[in-house]
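Everything below concerns the one structure shown next.
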Amino acid sequence: MPLSISTVNVNGIRAAVKHRSETNRGFLPWLEDSSLDVVLLQEVRASEDLARDALAPALDAGWHLTMSESAVKGHAGVGVLTRSAPGAVRFGFGSAEFDDLGRYLEVDLDTDLGPVTAASLYLPKGAALTDAEKDIAKYEEKARFLDEFGDHLGRLVRRRRHVVVGGDWNIAHAEADIKNWKGNLKSPGFLPHERAWVDGLLDAGWHDVTRDLYPGESGPYSWWSWRGKAFDNDSGWRIDYQLTNRSLAERAVKSTVDRAAAYDLRWSDHAPVTVTYE
Numbered sequence: 223m224p225l226s227i228s229t230v231n232v233n234g235i236r237a238a239v240k241h242r243s244e245t246n247r248g249f250l251p252w253l254e255d256s257s258l259d260v261v262l263l264q265e266v267r268a269s270e271d272l273a274r275d276a277l278a279p280a281l282d283a284g285w286h287l288t289m290s291e292s293a294v295k296g297h298a299g300v301g302v303l304t305r306s307a308p309g310a311v312r313f314g315f316g317s318a319e320f321d322d323l324g325r326y327l328e329v330d331l332d333t334d335l336g337p338v339t340a341a342s343l344y345l346p347k348g349a350a351l352t353d354a355e356k357d358i359a360k361y362e363e364k365a366r367f368l369d370e371f372g373d374h375l376g377r378l379v380r381r382r383r384h385v386v387v388g389g390d391w392n393i394a395h396a397e398a399d400i401k402n403w404k405g406n407l408k409s410p411g412f413l414p415h416e417r418a419w420v421d422g423l424l425d426a427g428w429h430d431v432t433r434d435l436y437p438g439e440s441g442p443y444s445w446w447s448w449r450g451k452a453f454d455n456d457s458g459w460r461i462d463y464q465l466t467n468r469s470l471a472e473r474a475v476k477s478t479v480d481r482a483a484a485y486d487l488r489w490s491d492h493a494p495v496t497v498t499y500e
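All letters in the sequence shown, in the order written, are residues 223 to 500 by the working numbering.
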């Protein structure tokens, strides 16, 4: 049987599940209509109790939620929804600074493809380096995260099982990953050192499976600003993706972005990115 894994930044789970209109019924109907096996959630922005309340219909239907909430109330938070209970769970990646901030979570699963480690990541947005203290702090925080997390990924890619790390990476790797790349050369998420960091991951054995499957495409974008006409003009960024080790990359057969048909049908500023492995 195929294994379908989706990653999505929900931009607040309590907001994502709301019924905004008769045609935009939110995250839960989308989940119910899917044939997914695993959903990696980012920016849950709620305690685990509140997240379970928001997701109660899905949990009652048999989904299992594993979650790492942030020690900062209403901030970050990652989760994993699975059809069956994970065999093991690991919170964080051994960082004294970041493990309590709800930015990374791993679960081990038994699947028809064999053992799989699936991880949900919400990488800091950061900032461009200016003279402002706030920008300096955000820039340096992201740099520290990349250093520590890169070490963890260097070990994880060598595991003798299938591994996927999906999430909001907050880095567009290449020019093809941003509609307006020329206008964003100095923007956080497209800075030279951030893009070079992703280069290093790919050189170390990680595979960007969407780009491997569709090497010549612009995008497909997964995030659009709420402001202006970004969504209508498809002026987006591809910052949500799944990186896998070689064994799972060889099983990837299809990748799709579940982009809403219209602006008022969105329940997040991100769209789910789904990869099918066989």
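Even glycine gets a Cβ: it sits at the ideal position worked out from N, Cα and C.
{"query": "Proximity of R460 and D399 at Cβ, strictly below 8 Å", "result": "yes"}
{"query": "Where G301 falls: helix, strand or coil (DSSP)", "result": "strand"}
{"query": "Contacts around D357, its chain only, beta-carbon distance under 6 Å, and the 5 residues preceding and following it disregarded", "result": "A349"}
{"query": "Proximity below 8 Å, CB of S490 to CB of K401", "result": "no"}
{"query": "When K360, L407, L263, G296 are compared against P494, the one with the closest alpha-carbon", "result": "L263"}
{"query": "N231 - partner residues in DSSP beta bridges", "result": "Q264"}
{"query": "Cβ shell of R366 (< 7 Å), same chain only, five flanking positions each side left out", "result": "E319"}
{"query": "Contacts around L343, its chain only, beta-carbon distance under 6 Å, and the 5 residues preceding and following it disregarded", "result": "Y326, V387, G389"}
{"query": "Buried versus exposed call for L487 [16 or more other C-beta atoms within 10 Å across all chains shown]", "result": "exposed"}
{"query": "Beta-carbon contacts of E500 that lie in its chain and below 7 Å, excluding the five residues immediately before and after", "result": "P224, R473, V475"}
{"query": "Whole-number beta carbon distance between V300 and G284, since they are thought to touch under 8 Å", "result": "Going by Cβ atoms, the distance from G284 to V300 rounds to 21 Å, so no, they are not a contact pair."}
{"query": "Extent of the continuous beta strand (DSSP E) to which V385 belongs", "result": "384-390"}
{"query": "Proximity below 8 Å, CB of H374 to CB of V338", "result": "no"}
{"query": "Given A340 as reference, the closest of D322, G316, R312, P346 once Cα atoms are compared", "result": "R312"}
{"query": "V302 beta carbon less than 8 Å from that of V260", "result": "yes"}
{"query": "Contact check, F412 vs A426, beta carbons under 8 Å", "result": "no"}
{"query": "Segment limits, beta strand (DSSP E) that includes Y361", "result": "Not the beta strand (DSSP E): Y361 falls in the alpha helix (DSSP H), residues 355-378."}
{"query": "For H395, three-class secondary structure by DSSP", "result": "coil"}
{"query": "Near the ligand FAD: L263 beta-carbon under 7 Å from a heavy atom", "result": "For the structure depicted, the ligand FAD is absent and the ligand set is empty, with no information on it obtainable."}
{"query": "Neighbour-count burial assignment, N467, 16 or more Cβ in a 10 Å radius", "result": "buried"}
{"query": "Alpha-carbon spacing of S317 relative to N392, whole angstroms", "result": "19 Å"}
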